[in-house]
Structures are given as structure tokens and as C-alpha cells.
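A.B. asks: Note that the protein sequences, when read in sequence, are chains A and B. Position one of the first sequence corresponds to residue 1 (my numbering), numbered consecutively onward. Position one of the second sequence corresponds to residue 253 (my numbering), numbered consecutively onward. In this text, a Cβ means the ideal position worked out from N, Cα and C, and glycines have one as well. The structure displayed is predicted, hence computed values, not measured ones. Take a look at this one; I'll ask things after.
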Amino acid sequence: MNEKIKNFLNSDLLEQYLLGTTSNEETLQVERYIAMYPEVRETYIELQENLEVYAKLHAIKTPDGLKDKILNQIKSEKTGRKKFFRYAIAASFAALIFAGASYIFWNQNQNLQAENIIVNNKIESLEENMRMQLEDVRNQFIVLHNPKTKKLTVKGNSKAKELKAVAYINPVKKLSYINVSKLPNLPENQCYQMWAEVNGEMINLGIIKEATDSEKLMALPYGEDAVGYITIEAEGGTTSPTVENIVANIRY
Amino acid sequence: MSVLLEKHIVELLLERDDKAMSLLYEHYGDTLLGVAFKVVRNEALAEDVLQESFLKIWRNSDSYDPSKAKLFTWLFRITRNTAIDKLRSVNTKSDKEIQIDVSDVYRLGTEGINPELMDIQDNLEKIEEKYQIVLDALFFQGMTQQEASDELNIPLGTIKSRLKIGLRELKKIYGSVLLFASLLNFW
Numbered sequence: 001m002n003e004k005i006k007n008f009l010n011s012d013l014l015e016q017y018l019l020g021t022t023s024n025e026e027t028l029q030v031e032r033y034i035a036m037y038p039e040v041r042e043t044y045i046e047l048q049e050n051l052e053v054y055a056k057l058h059a060i061k062t063p064d065g066l067k068d069k070i071l072n073q074i075k076s077e078k079t080g081r082k083k084f085f086r087y088a089i090a091a092s093f094a095a096l097i098f099a100g101a102s103y104i105f106w107n108q109n110q111n112l113q114a115e116n117i118i119v120n121n122k123i124e125s126l127e128e129n130m131r132m133q134l135e136d137v138r139n140q141f142i143v144l145h146n147p148k149t150k151k152l153t154v155k156g157n158s159k160a161k162e163l164k165a166v167a168y169i170n171p172v173k174k175l176s177y178i179n180v181s182k183l184p185n186l187p188e189n190q191c192y193q194m195w196a197e198v199n200g201e202m203i204n205l206g207i208i209k210e211a212t213d214s215e216k217l218m219a220l221p222y223g224e225d226a227v228g229y230i231t232i233e234a235e236g237g238t239t240s241p242t243v244e245n246i247v248a249n250i251r252y
Numbered sequence: 253m254s255v256l257l258e259k260h261i262v263e264l265l266l267e268r269d270d271k272a273m274s275l276l277y278e279h280y281g282d283t284l285l286g287v288a289f290k291v292v293r294n295e296a297l298a299e300d301v302l303q304e305s306f307l308k309i310w311r312n313s314d315s316y317d318p319s320k321a322k323l324f325t326w327l328f329r330i331t332r333n334t335a336i337d338k339l340r341s342v343n344t345k346s347d348k349e350i351q352i353d354v355s356d357v358y359r360l361g362t363e364g365i366n367p368e369l370m371d372i373q374d375n376l377e378k379i380e381e382k383y384q385i386v387l388d389a390l391f392f393q394g395m396t397q398q399e400a401s402d403e404l405n406i407p408l409g410t411i412k413s414r415l416k417i418g419l420r421e422l423k424k425i426y427g428s429v430l431l432f433a434s435l436l437n438f439w
């Protein structure tokens with residue numbers, strides 16, 4: 001027999017392992033020896049048999065009733081465990097429902113937040129709009145009531161004799177407005193468009209709609225020796241004025 | 253214990269079938285009570301230990317690994333450890349309370365023990381006391397041979413030779429029991 005195995009078998013480790021008193025490290029060592037060496041394995045099996053026989057020699061009759069007591073306790077523990085599992089399942093369902101509800105609420109919250117942002121943006125743009133309109137109205141007020149404001153009456157040329165407009169120019173405040181009070185009717189596929197030539201640059205001021213714009217002052221970009229034009233254009237307007245279709249010009 | 257029955261019990265145990273516990277009690281209850289008694293030396297305490305051990309066996313049944321130990325070895329370890337813990341906890345409570353009731357030792361006869369065990373128990377007398385002492389130290393007290401030598405004040409060499417003889421005597425006993433059992437089966 002190998003010296004190593006002999007030493008191991010003499011060391012009492014196998015006996016300690018048999019009784020379950022070895023440390024974790026020792027346990028691993030013993031199990032390795034049992035797995036590796038048949039002599040150790042045989043000795044271990046023999047020790048186990050010896051232990052069982054020797055223990056049996058010391059058997060004591062168990063008292064009546066102890067068996068039922070023990071088995072009842074085990075049974076109650078088993079049903080206790082079942083009850084526990086039942087509670088565990090119920091708890092799992094509750095948790096699942098809670099998670100589902102949480103998700104729905106979270107989702108709803110996300111939607112509401114998104115809506116909130118949209119509403120806030122709308123309010124902001126409305127505010128901006130109002131501020132601009134207010135500013136515009138304030139400027140109109142200033143222009144209309146300022147003694148330095150020049151009032152220019154604009155009449156249409158031969159192409160639009162009925163056209164009447166009033167321009168208000170204030171060189172001090174550098175503000176100019178125009179009010180188109182009357183426009184001759186046009187075929188449906190044509191419209192009036194307002195322009196301004198400031199410092200040699202032609203600026204598109206948009207389409208004039210008689211119905212809505214007759215009481216409205218349109219702001220004109222201010223400039224020294226600027227000229228305003230009203231042209232007749234195809235419906236929808238163009239990007240540059242058609243010179244032969246000029247119906248009125250306002251020099252201011 | 254037949255190998256087949258042991259296998260059956262292990263299967264039930266791993267399936268967590270409480271029938272396993274009933275079978276375990278029938279086949280190992282007396283022996284394990286004896287193991288507990290050997291450690292705590294008090295019948296009432298030994299019964300408590302047996303009860304606690306069976307609960308531990310039930311709770312930890314999935315930790316039993318048949319490839320590492322025989323079923324009895326595993327049961328023995330649990331019972332012995334439970335008994336040692338019990339002894340410790342009682343000792344810390346009060347040293348007086350657990351004084352060994354000497355009368356217990358004498359009341360324990362062979363009466364009522366199941367016949368299979370009785371046959372074996374008669375054989376305990378066949379092992380001389382000096383060998384029994386060494387076997388007790390090894391199997392129940394969990395002493396190393398060196399510790400047994402110190403404790404019993406017997407030279408280490410003598411411990412070793414007595415252990416060898418004791419084990420041989422033991423082998424004779426279960427050898428004859430096994431022979432007897434196989435004869436019974438044969439008839």
C-alpha cells in the first residue's frame with residue numbers, strides 16, 4: 001500500500017469524516033481520497049457498516065406515542081409549508097397585479113406629461129402671439145396719435161380705380177402702416193398682393209384680403225424713400241411682383 | 253437493513269414523501285434513540301433529541317447525498333450532532349439539572365426491543381468491555397485515537413490494537429447476523 005494512503009488511514013481523518021466532525025477543508029480532502037483510492041473507499045464503507053452495527057448494539061426501544069408525536073409534527077410542518085406556498089402564490093398574484101397597475105399608471109403619467117408639454121407650448125406661442133399683437137397695436141396707436149405722423153391717401157390707377165387706401169408714416173418713430181379700405185372685386189383666380197421696396201430691396205408683405213383687412217392696419221417696413229406697391233397676382237400670390245400689374249404705389 | 257428498503261426510503265425522502273419518515277422511524281428509531289442516549293445519558297433528553305433529529309432529517313432531506321454516505325451514516329451524524337447541541341444547551345442552563353440519572357442506565361434492558369435488534373444486542377456482551385470503551389470513544393464520543401489515549405490514559409499503541417480487535421469482533425457479529433438473515437431469506 002502506498003505510504004500516502006497508509007498515513008491517511010492512520011490519521012483518524014476518515015473516522016472524523018464518518019462522524020461529520022471534519023472541517024470543510026478536511027472534508028474535501030477525505031472525499032478526494034475516497035474517490036481516488038479503492039483502499040480508502042473500502043475502509044470507509046467498512047467503517048460505515050461497523051458504525052451501523054455498533055450503533056444497533058446500543059438500540060433502545062422507543063416509547064409508545066413518540067412516533068405519532070414526531071410524524072404529526074412533520075405533517076403539520078408539511079401543511080404549513082403548503083399554506084406558505086398558497087400565501088406565496090397569492091402574494092405573487094398581488095405583486096403581479098400591482099406591477100400591472102403601476103405600469104398602466106406610469107404609462108398614463110407619461111401621456112399626461114407629454115400632453116402637458118404640448119399645452120404649455122401652445123400657451124407659450126399664444127402668449128408670444130398676443131405680445132406681438134399687443135406690440136403691434138401699441139405701435140399703431142403711437143403712429144395714429146403722433147402729431148408727426150404723415151397721412152397719405154392712396155388711390156388706385158386705371159386698373160383699379162376704386163382702390164382706396166391710407167398710409168400712415170412716422171419718420172421719428174420709424175414706423176409705417178397702411179390701411180386698405182376698399183379694393184375693386186377681382187376674378188376668383190386673382191388676388192391683391194402688397195409689396196414694399198426698401199433700400200432697393202423688394203419685400204413681399206403678403207396677400208390682402210379685403211373682407212378681413214379693411215379695418216386692419218398693415219405694418220410696412222420703414223425706410224427712407226421707400227415705396228409700397230399693390231399688385232394683382234394670380235391666386236396664392238407670387239414671390240416677385242408683376243410690374244405691369246401694379247395698381248397702386250405709395251411713396252413714403 | 254436491506255439495500256432495497258434503504259433505496260426505497262431514500263427515494264421517498266428525496267420526493268419529500270412523509271411516508272419516508274414513518275419507515276425511517278420503524279427501522280432506525282430504536283437505534284437512533286440509542287445513539288442519542290449514548291451522548292446525553294438521559295432518557296427524556298434522548299427522546300427530545302430523537303424528535304428534533306427527525307425534524308432535521310425531514311427538513312434537510314434534500315441535502316442527503318447517497319453517493320457520499322450510507323443512509324444510516326447520515327442519520328447518525330444528524331442525531332449525534334443534535335445530541336451534542338442538546339447536551340451543550342442543557343449544560344449551559346444548569347449543570348445540576350442534567351446530572352446523569354444513573355438509574356436510567358440500569359433500567360434499560362432488552363425488553364421490548366424489536367427482535368432483530370435483540371439478536372444483535374445479545375452480541376454486545378460478546379465484545380469485551382475494554383474494546384467497547386475504545387469503540388465508544390471512536391463512534392460516539394468522536395475522539396481521535398490520540399485523544400482517546402489521553403482521555404483513557406491508555407498508550408496510543410494499545411488503543412490502536414484494541415480498536416483493531418474491537419472492529420474484528422464487531423465484524424464477526426454482523427457477519428453472523430448477515431449469514432443468519434440470508435439463511436432466513438433462503439428458507
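Would a check of beta-carbon distances place alanine 55 of chain A closer than 9 angstroms to chain B?
C.D. replies: With 9 angstroms as the cut-off, alanine 55 of chain A counts as an interface residue toward chain B.
A.B. asks: Check whether the segment 255-262 of chain B and the segment 236-243 of chain A touch, using three or more Cβ-Cβ pairs below 8 angstroms as the test.
C.D. replies: The answer is no - the segment 236-243 of chain A does not touch the segment 255-262 of chain B, with fewer than three Cβ pairs under 8 angstroms.
A.B. asks: Let's test the definition: count the other Cβ atoms within 10 Å of the Cβ of isoleucine 118 of chain A and tell me whether it reaches 16, buried, or not, exposed.
C.D. replies: With fewer than 16 other Cβ atoms within 10 Å, it is exposed.
A.B. asks: Listing by chain order, which chain A residues have their CB less than 8 angstroms from the CB of threonine 396 of chain B?
C.D. replies: Within 8 angstroms Cβ-Cβ: Asp12, Glu15, Gln16.
A.B. asks: In the DSSP assignment, find the alpha helix (DSSP H) that holds tyrosine 33 of chain A and state where it starts and stops.
C.D. replies: From DSSP, the alpha helix (DSSP H) with tyrosine 33 of chain A extends over 24-36.
A.B. asks: Would you tell me roughly how many angstroms separate the C-alpha atoms of valine 79 of chain A and lysine 320 of chain B, rounded to the nearest one?
C.D. replies: The sequence shown places threonine at residue 79 of chain A, not valine. Approximately 31 angstroms, taken between the alpha carbons.
A.B. asks: I need the straight-line Cα distance from valine 154 of chain A to methionine 132 of chain A, nearest angstrom please.
C.D. replies: Approximately 27 angstroms, taken between the alpha carbons.
A.B. asks: In or out: glutamine 16 of chain A buried (at least 16 other Cβ within 10 Å) or exposed?
C.D. replies: With 16 or more Cβ atoms within 10 Å of its Cβ, glutamine 16 of chain A is classed as buried.
A.B. asks: According to DSSP, what are the bridge partners of isoleucine 246 of chain A?
C.D. replies: Answer is A:Thr231.
A.B. asks: Report yes if the CB atom of lysine 67 of chain A is closer than 9 angstroms to the CB atom of glycine 281 of chain B, and no otherwise.
C.D. replies: Yes; because the gap between Cβ atoms is below 9 angstroms, this pair is in contact.
A.B. asks: Excluding the 5 residues flanking lysine 308 of chain B on each side, which residues of the same chain have their C-beta closer than 8 angstroms to its C-beta?
C.D. replies: Hits under 8 angstroms: Ile330, Thr334.
A.B. asks: Assign isoleucine 261 of chain A to one of two classes, buried (16 or more other C-beta atoms within 10 Å of its C-beta) or exposed (fewer than that).
C.D. replies: A question about residue 261 of chain A goes unanswered here, because the residues of chain A that appear run from 1 up to 252.
A.B. asks: State the beta-bridge partners of threonine 153 of chain A as determined by DSSP.
C.D. replies: A:Val166, per the DSSP bridge assignment.
A.B. asks: If you reduce the DSSP assignment to three classes, tell me which class glutamate 253 of chain A lands in.
C.D. replies: An answer regarding residue 253 of chain A cannot be provided, because it is not within the stretch 1 to 252 covered by chain A.
A.B. asks: Using only the heavy atoms of the ligand GTP, determine whether one of them is closer than 8 angstroms to the beta carbon of leucine 408 of chain B.
C.D. replies: Within the structure as shown, the ligand GTP is missing, as the structure has no ligands at all.
A.B. asks: Cutting at 6 angstroms between CB atoms, please list the residues of its own chain near isoleucine 350 of chain B, excluding the five before and the five after it.
C.D. replies: Bear in mind that a pLDDT of 46 at isoleucine 350 of chain B, under 50, signals an unreliable position, so the model cannot answer this.
A.B. asks: Within the same chain, show all residues whose beta-carbon is closer than 8 angstroms to that of arginine 268 of chain B, passing over the 5 residues directly before and after it, in chain order.
C.D. replies: Cβ neighbours of arginine 268 of chain B beyond the five flanking positions: Ser313, Asp314.
A.B. asks: Please list the segments of the beta strand (DSSP E) lying wholly inside the segment 121-151 of chain A, counting only runs of 3 or more residues, in order along the chain.
C.D. replies: Segments of the beta strand (DSSP E) lying fully in the segment 121-151 of chain A: there are none.
A.B. asks: Tell me, to the nearest whole angstrom, how far the beta carbon of leucine 422 of chain B is from that of isoleucine 385 of chain B; I am working on the premise that it is less than 8 angstroms.
C.D. replies: No, leucine 422 of chain B and isoleucine 385 of chain B are not in contact; Cβ-Cβ is about 14 angstroms, not under 8 angstroms.
A.B. asks: Mind checking glycine 65 of chain A: buried by the 16 CB within 10 Å criterion, or exposed?
C.D. replies: Exposed, because fewer than 16 other Cβ atoms sit within 10 Å of the Cβ of glycine 65 of chain A.
A.B. asks: Tell me the rounded alpha-carbon separation between valine 227 of chain A and lysine 161 of chain A.
C.D. replies: Looking at the two C-alpha atoms, the distance is approximately 19 angstroms.
A.B. asks: Can the beta-carbon of alanine 91 of chain A be found closer than 9 angstroms to that of threonine 283 of chain B?
C.D. replies: Not closer than 9 angstroms, so no.
A.B. asks: Name the chain A residues that come within less than 8 angstroms of asparagine 333 of chain B, Cβ to Cβ?
C.D. replies: Within chain A, the residues near asparagine 333 of chain B are Gly20.
A.B. asks: What residues from chain B crowd round leucine 66 of chain A, counting only those whose CB sits closer than 9 angstroms?
C.D. replies: Tyr277, Gly281, Leu285, Glu299, Leu302, Gln303, listed in chain order.
A.B. asks: Determine the DSSP secondary structure at glycine 409 of chain B, reduced to helix, strand or coil.
C.D. replies: Looking at glycine 409 of chain B - three-state DSSP - the assignment turns out to be helix.
A.B. asks: Rounded to the nearest angstrom, what separates glycine 236 of chain A and asparagine 116 of chain A at their Cα positions?
C.D. replies: Between glycine 236 of chain A and asparagine 116 of chain A, the C-alpha separation is close to 36 angstroms.
A.B. asks: Of the choices B:Lys412, B:Ala296, B:Phe328, whose alpha-carbon is the least far from that of glutamine 48 of chain A?
C.D. replies: Selected option, being the one with the closest Cα: B:Phe328.
A.B. asks: Buried or exposed: where does threonine 7 of chain A fall if 16 or more other Cβ atoms within 10 Å of its Cβ makes it buried?
C.D. replies: Residue identity check: residue 7 of chain A is asparagine in the sequence provided, not threonine. The residue in question, asparagine 7 of chain A, is exposed, as its Cβ has fewer than 16 Cβ neighbours within 10 Å.
A.B. asks: Can you give me the C-alpha to C-alpha distance between valine 30 of chain A and glycine 286 of chain B, rounded to a whole angstrom?
C.D. replies: Each residue's Cα considered, the two are about 28 angstroms apart.
A.B. asks: When the distance is taken between beta carbons, is lysine 151 of chain A closer than 9 angstroms to valine 137 of chain A?
C.D. replies: It is not a contact, given that the beta carbons lie outside the stated cut-off.
A.B. asks: When the cut-off is 9 angstroms and only beta carbons count, does isoleucine 5 of chain A lie next to chain B?
C.D. replies: False, the Cβ-Cβ gap to chain B never drops below 9 angstroms.
A.B. asks: Any idea what DSSP makes of methionine 395 of chain B, helix, strand or coil?
C.D. replies: Methionine 395 of chain B falls in the coil class under three-state DSSP.
A.B. asks: So the alpha helix (DSSP H) alanine 296 of chain B belongs to, where does it begin and stop?
C.D. replies: Looking at the DSSP string, the run of the alpha helix (DSSP H) that includes alanine 296 of chain B is 295-311.
A.B. asks: Under 9 angstroms between C-beta atoms, does methionine 63 of chain A make it to chain B?
C.D. replies: Note that residue 63 of chain A is proline in the sequence shown here, rather than methionine. Judged by the 9 angstroms Cβ criterion, proline 63 of chain A is in contact with chain B.
A.B. asks: Looking at the unbroken alpha helix (DSSP H) that takes in alanine 288 of chain B, where does it start and where does it end?
C.D. replies: 271-292 is the extent of the alpha helix (DSSP H) around alanine 288 of chain B.
A.B. asks: So with Cβ pairs under 9 angstroms, would you call asparagine 50 of chain A a contact of chain B?
C.D. replies: So yes, asparagine 50 of chain A belongs to the interface.
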